[in-house]
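Trainee:
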Amino acid sequence: MELRLENLSRDFKEIRAVDRVNCRMKNGVYGLLGVNGAGKTTLMRMLCTLLTPTEGKITYNGKDIFAMGEEYRKVLGYLPQEFGFYPDFTVKDYLLYIASIKGLNRAAARKKTAMLLQKVGLSKQQNRKMKKLSGGMKRRAGIAQAMLNNPEILILDEPTAGLDPSERIRFRNLISELARERLVILSTHIVSDVEYIANQILLMKDGALLHFGTLQEIIEEVEEKVWSVDIPAAKAPDYMKQYKVVSAKTGEGMAHMRILSDKAPYPGAVEEELTLEDVFLHYFGETAGEEDDQV
Numbered sequence: 001m002e003l004r005l006e007n008l009s010r011d012f013k014e015i016r017a018v019d020r021v022n023c024r025m026k027n028g029v030y031g032l033l034g035v036n037g038a039g040k041t042t043l044m045r046m047l048c049t050l051l052t053p054t055e056g057k058i059t060y061n062g063k064d065i066f067a068m069g070e071e072y073r074k075v076l077g078y079l080p081q082e083f084g085f086y087p088d089f090t091v092k093d094y095l096l097y098i099a100s101i102k103g104l105n106r107a108a109a110r111k112k113t114a115m116l117l118q119k120v121g122l123s124k125q126q127n128r129k130m131k132k133l134s135g136g137m138k139r140r141a142g143i144a145q146a147m148l149n150n151p152e153i154l155i156l157d158e159p160t161a162g163l164d165p166s167e168r169i170r171f172r173n174l175i176s177e178l179a180r181e182r183l184v185i186l187s188t189h190i191v192s193d194v195e196y197i198a199n200q201i202l203l204m205k206d207g208a209l210l211h212f213g214t215l216q217e218i219i220e221e222v223e224e225k226v227w228s229v230d231i232p233a234a235k236a237p238d239y240m241k242q243y244k245v246v247s248a249k250t251g252e253g254m255a256h257m258r259i260l261s262d263k264a265p266y267p268g269a270v271e272e273e274l275t276l277e278d279v280f281l282h283y284f285g286e287t288a289g290e291e292d293d294q295v
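With this note's numbering applied, the sequence shown covers 1 to 295.
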């Protein structure tokens with residue numbers, strides 16, 4: 001199985017939301033990482049055939065996905081950042097309804113629904129109305145509906161947005177399990193979501209693909225070093241302006257900082273290993289985490 005993007009671009013009037021993206025993907029988890037507004041959602045919508053490219057093409061096993069039509073959508077599962085549901089449906093009825101839309105017969109739908117409710121940990125909540133679910137439970141129901149047709153390609157757009165840490169961990173573990181026999185594309189601006197589970201990482205900025213590779217390959221592309229340093233707290237504001245500061249913690253007159261710099265920023269600074277969060281700051285700087293308009 002291979003999903004291939006060739007010179008893929010998408011324009012909205014005078015704005016180029018996706019700019020000549022090229023990559024090849026097979027089984028495993030692919031983490032699409034970038035700040036809000038980087039073009040991730042537009043790319044996802046093209047992969048789901050909800051938007052047509054302005055230029056370039058997407059192929060699945062050598063066939064254009066837009067020419068394949070329904071044949072392609074049968075192997076596709078999609079969880080958008082905001083997915084629609086009837087609030088008064090129970091979880092079970094919601095999944096059965098989606099199953100009927102996807103063409104499953106009644107017996108297959110009931111069997112698949114029961115299995116997926118167990119897999120996503122919602123068996124005990126299956127008779128609860130969708131509007132009564134927590135945010136994490138709704139996202140798990142969303143994963144279940146995306147898996148009803150047993151897709152070979154699973155596309156998840158900001159799946160952990162708004163979840164608490166425990167739900168985020170649960171979700172990451174579920175995604176890792178689902179990726180054993182399929183291609184999972186996970187779009188997010190939350191670094192930890194891809195750092196722990198992605199086999200390959202795609203860094204996206206201003207619609208373009210900056211880097212595509214393993215975590216180690218992406219880290220090796222960064223020429224800056226990361227330093228752990230303790231400085232007088234009074235100097236912290238100046239250092240925040242002068243350097244790329246990954247983190248800062250102040251206490252008892254001193255500030256402990258993690259700083260990206262070509263050379264030691266302060267006497268006694270200790271060089272540490274780069275993480276994906278450091279790489280994120282290197283490429284996206286102060287824009288990391290800002291709530292820009294989605295594109």
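Quick reminder that beta carbons are idealized off the backbone N, C-alpha and C, glycines included.
Are the segment 108 to 124 and the segment 35 to 51 touching by the rule of at least three beta carbon pairs closer than 8 Å?
Mentor: These segments do not touch.
Trainee: Determine the direct distance from the alpha carbon of Cys48 to that of Ile15, and round the result to whole angstroms.
Mentor: As a working mapping, residue 15 is identified with position 15 in the sequence shown. As a working mapping, residue 48 is identified with position 48 in the sequence shown. In a straight line, the C-alpha of Ile15 is about 21 Å away from that of Cys48.
Trainee: So, are the CB atoms of Leu215 and Val184 less than 8 Å apart?
Mentor: Here residue 215 corresponds to residue number 215 of the sequence shown, with the count starting at 1. Here residue 184 corresponds to residue number 184 of the sequence shown, with the count starting at 1. Not closer than 8 Å, so no.
Trainee: State the DSSP-derived secondary structure class of Arg128, mapped to helix, strand or coil.
Mentor: Start at 1 with the first residue of the sequence shown, and residue 128 comes out as number 128. Residue state, collapsed to three classes: coil.
Trainee: Take Lys74 and list the residues in its own chain whose beta-carbon comes closer than 7 Å to its own, dropping the five residues that flank it on each side.
Mentor: As a position in the sequence shown, residue 74 is number 74, starting the count at 1. Counting only Cβ-Cβ distances below 7 Å, and skipping sequence neighbours, we find Asn149.
Trainee: Just to confirm the assignment, what range does the alpha helix (DSSP H) spanning Gln296 have?
Mentor: Because the chain in this structure spans residues 1 to 295, residue 296 falls outside the shown range and cannot be described.
Trainee: Identify, in the order they occur along the chain, each residue of the same chain with its Cβ nearer than 6 Å to the Cβ of Ala236, setting aside the five sequence neighbours on each side.
Mentor: Your numbering for residue 236 matches position 236 in the sequence shown. Only Ala255 meet the Cβ criterion.
Trainee: By DSSP, does Glu180 sit in helix, in strand, or in coil?
Mentor: Taking the sequence shown and counting its residues from 1, the one referred to as residue 180 is at position 180. First, the residue type needs correcting, since residue 180 is Arg and not Glu in the sequence shown. Helix at Arg180.
Trainee: Note down the Cα distance separating Phe85 from Ser192, rounded to an integer number of angstroms.
Mentor: Against the sequence shown, residue 85 aligns to sequence position 85. Against the sequence shown, residue 192 aligns to sequence position 192. In a straight line, the C-alpha of Phe85 is about 28 Å away from that of Ser192.
Trainee: Which residue marks the beginning of the alpha helix (DSSP H) containing Ala99, and which one marks its end?
Mentor: As a first step, residue 99 is located in the sequence shown; it is residue number 99 there, counting from the start. Note, Ala99: alpha helix (DSSP H), 91 to 101.
Trainee: Beta carbon of Gln125, beta carbon of Leu116: below 8 Å?
Mentor: For the purposes of this step, residue 125 is taken as residue 125 along the sequence shown, with counting starting at 1. For the purposes of this step, residue 116 is taken as residue 116 along the sequence shown, with counting starting at 1. Not a contact, by the Cβ cut-off of 8 Å.
Trainee: Between which two residues does the alpha helix (DSSP H) containing Tyr239 stretch?
Mentor: Start at 1 with the first residue of the sequence shown, and residue 239 comes out as number 239. Its alpha helix (DSSP H) spans residues 236 to 242.
Trainee: Could you check the C-alpha separation between Met46 and Leu5 for me, to the nearest Å?
Mentor: Translated into the one-based positions of the sequence shown, residue 46 becomes position 46. Translated into the one-based positions of the sequence shown, residue 5 becomes position 5. The alpha-carbon atoms of Met46 and Leu5 are separated by roughly 10 Å.
Trainee: The alpha helix (DSSP H) that contains His296, what's its start and end?
Mentor: Given that the chain is displayed from residue 1 to residue 295, the structure contains no residue 296 and the question cannot be resolved.
Trainee: Leaving out five residues before and five after Lys92 in sequence, what residues of the same chain have Cβ atoms less than 8 Å from its Cβ?
Mentor: Within the sequence shown, numbered from 1, the residue matching residue 92 stands at position 92. These residues qualify, in order along the chain: Thr113, Leu117, Gln126, Asn127.
Trainee: Report the rounded CA-to-CA distance for Ala141 versus Ala108, giving the unit in angstroms.
Mentor: Sequence index remark: in the sequence shown, residue 141 carries index 141 (1-based). Sequence index remark: in the sequence shown, residue 108 carries index 108 (1-based). Roughly 18 Å between the two C-alpha positions.
Trainee: When the Cα atoms are used, what is the spatial distance from Asp11 to Thr54?
Mentor: Mapped onto the sequence shown, residue 11 falls at position 11. Mapped onto the sequence shown, residue 54 falls at position 54. Cα-Cα distance, rounded: 6 Å.
Trainee: Leaving aside the five residues before and after Lys305 along the sequence, list all residues of the same chain whose C-beta is less than 6 Å from its C-beta, in chain order.
Mentor: Since the displayed the chain opens at 1 and closes at 295, residue 305 lies outside it and no answer follows.
Trainee: If you draw a straight line from the alpha carbon of Ile197 to that of Ser176, how long is it in whole angstroms?
Mentor: Residue 197 sits at position 197 when you count from the first residue of the sequence shown. Residue 176 sits at position 176 when you count from the first residue of the sequence shown. Distance between the alpha carbons of Ile197 and Ser176 is about 6 Å.
Trainee: Let's see if you can read the secondary structure: which residues bound the beta strand (DSSP E) around Val229?
Mentor: Working through the sequence shown from its first residue, we reach residue 229 at position 229. Its beta strand (DSSP E) spans residues 225 to 232.
Trainee: Please classify Met1: is it buried, with 16 or more other beta-carbons within 10 angstroms of its beta-carbon, or exposed?
Mentor: For the purposes of this step, residue 1 is identified with residue 1 of the sequence shown, where counting begins at 1. So Met1 counts as exposed.
Trainee: Measure the C-alpha to C-alpha separation of Ile65 and Ser247 and round it to an integer number of angstroms.
Mentor: Taking the sequence shown and counting its residues from 1, the one referred to as residue 65 is at position 65. Taking the sequence shown and counting its residues from 1, the one referred to as residue 247 is at position 247. Answer to the nearest angstrom: the Cα atoms are 43 Å apart.
Trainee: By how many angstroms is the C-alpha of Val18 removed from the C-alpha of Tyr266?
Mentor: Numbered from 1 along the sequence shown, position 266 holds the residue referred to as residue 266. Numbered from 1 along the sequence shown, position 18 holds the residue referred to as residue 18. So the two alpha carbons sit approximately 40 Å from each other.
Trainee: Which class does Lys112 belong to by DSSP, given the choice of helix, strand or coil?
Mentor: On the sequence shown, residue 112 is found 112 positions in, with the first residue counted as 1. In the structure shown, Lys112 sits in a helix (DSSP, three-state: H, G or I).
Trainee: How about the segment 220 to 227 and the segment 270 to 288: do they share at least three Cβ pairs that are nearer than 8 Å?
Mentor: Touching, yes, given that three or more Cβ pairs across the two stretches are closer than 8 Å.
Trainee: Measuring only the C-alpha atoms, how far is Lys303 from Gly207?
Mentor: Because the chain is modelled from 1 through 295, residue 303 falls outside the range shown and cannot be assessed.
Trainee: Cα separation between His189 and Gly268?
Mentor: Reading the sequence shown from its first residue, position 189 is the one you call residue 189. Reading the sequence shown from its first residue, position 268 is the one you call residue 268. Looking at the two C-alpha atoms, the distance is approximately 33 Å.
Trainee: Just confirm the distance between the C-beta atoms of Gly213 and Glu167, as a whole number of angstroms; I'd bet it's less than 8 Å.
Mentor: Numbered from 1 along the sequence shown, position 213 holds the residue referred to as residue 213. Numbered from 1 along the sequence shown, position 167 holds the residue referred to as residue 167. Contact flag wrong, Cβ pair sits at about 29 Å.
Trainee: CA-CA distance, Val29 and Leu186?
Mentor: Along the sequence shown, read from residue 1 onward, the residue named residue 29 stands at position 29. Along the sequence shown, read from residue 1 onward, the residue named residue 186 stands at position 186. Going by the C-alpha atoms only, they are around 7 Å apart.
Trainee: By DSSP, does Phe212 sit in helix, in strand, or in coil?
Mentor: Taking the first residue of the sequence shown as position 1, residue 212 is located at position 212. If DSSP states are grouped into helix, strand and coil, Phe212 belongs with the strands.
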